[in-house]
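K.L.:
Pasting in a structure now, in structure tokens, and then I'll have a few things to ask.
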Amino acid sequence: MSVTGVYYNILHSLEDEHQLDISNVLHTFCCHYVFLPRIQASLDVFSDAWDNHPIRTEQNLTPNQLWQVGQALNPVADSDSEGIPIPEIQWEESGYTNEPHSGVNIPELDSPLLDLEMIALRDNMDPLQQSDCFGRIYTSTLSNTLRT
1 MSVTGVYYNI LHSLEDEHQL DISNVLHTFC CHYVFLPRIQ ASLDVFSDAW
51 DNHPIRTEQN LTPNQLWQVG QALNPVADSD SEGIPIPEIQ WEESGYTNEP
101 HSGVNIPELD SPLLDLEMIA LRDNMDPLQQ SDCFGRIYTS TLSNTLRT
């Protein structure tokens, strides 16, 4: 199963069981609080594994090793490419972005919790805690926030 497939199934199950209502600000906040760090951690593990897996057709070198070999064999002088005028390129329309991550953008949510409630949530609920059922962490977080 894919990295995101696990979370897709969990989130849809929570919706089907009426434990997650995306129109409810508190539900969405708790969902972000629990799942965003977990999804990022899973993607980081996948990315690290992918970057370091051996490629049989490349003498079992990893993508990271191949990149390093390429850099050593074909060094490129660091030039000031911003200072070179290139009139035929429309940078604004090229799709080029200075942002480090141009993947999925999750809208920022204003916390529906007061500062003290947020501190209590962080003290009581670790979104990255070990669990065989990620939905349980979400439901615990939701019930914890409803009690405060």
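So for the sequence shown, full-length UniProt numbering puts the first residue at 1; every next one is plus one. Ideal placement from N, C-alpha and C gives every residue a C-beta, glycine not left out.
#1: Are the beta-carbon atoms belonging to residue 163 and V34 less than 8 Å from one another?
#2: Measure the C-alpha to C-alpha separation of N52 and Q71 and round it to an integer number of angstroms.
#3: Taking 8 Å as the cut-off, does the segment 56-71 touch the segment 132-145 (at least 3 CB pairs, one atom from each stretch)?
#4: Is L26 helix, strand or coil by DSSP?
#5: If you check the beta carbons only, do G135 and L26 fall under 8 Å apart?
#6: Below 8 Å between beta carbons: does that hold for V3 and L43?
#7: Consult DSSP for L36 and reduce its assignment to one of helix, strand or coil.
#8: When you compare the CB positions of I106 and L20, do they come within less than 8 Å of one another, or not?
#9: Compare the C-alpha of Q130 against each of A41, E88, M118, N144 and name the closest.
#10: Please state whether DSSP places L20 in a helix, a strand or coil.
#11: Using 8 Å for Cβ pairs, my map puts Y7 next to I39. What's the rounded Cβ distance?
#12: Per DSSP, I55 forms a beta bridge with which residues?
#13: Enumerate in chain order the residues of its own chain whose CB-to-CB distance from V104 is below 6 Å, with the five nearest sequence positions on each side excluded.
#14: What span of residues does the alpha helix (DSSP H) with S111 cover, start to end?
P.N.:
This is what the structure gives:
#1: One cannot answer for residue 163 here, as it falls past the ends of the chain, which runs 1 to 148.
#2: 17 Å
#3: no
#4: helix
#5: no
#6: yes
#7: helix
#8: no
#9: A41
#10: coil
#11: 6 Å
#12: L61
#13: none
#14: Here S111 belongs to no alpha helix (DSSP H), and DSSP marks it neither H nor E.
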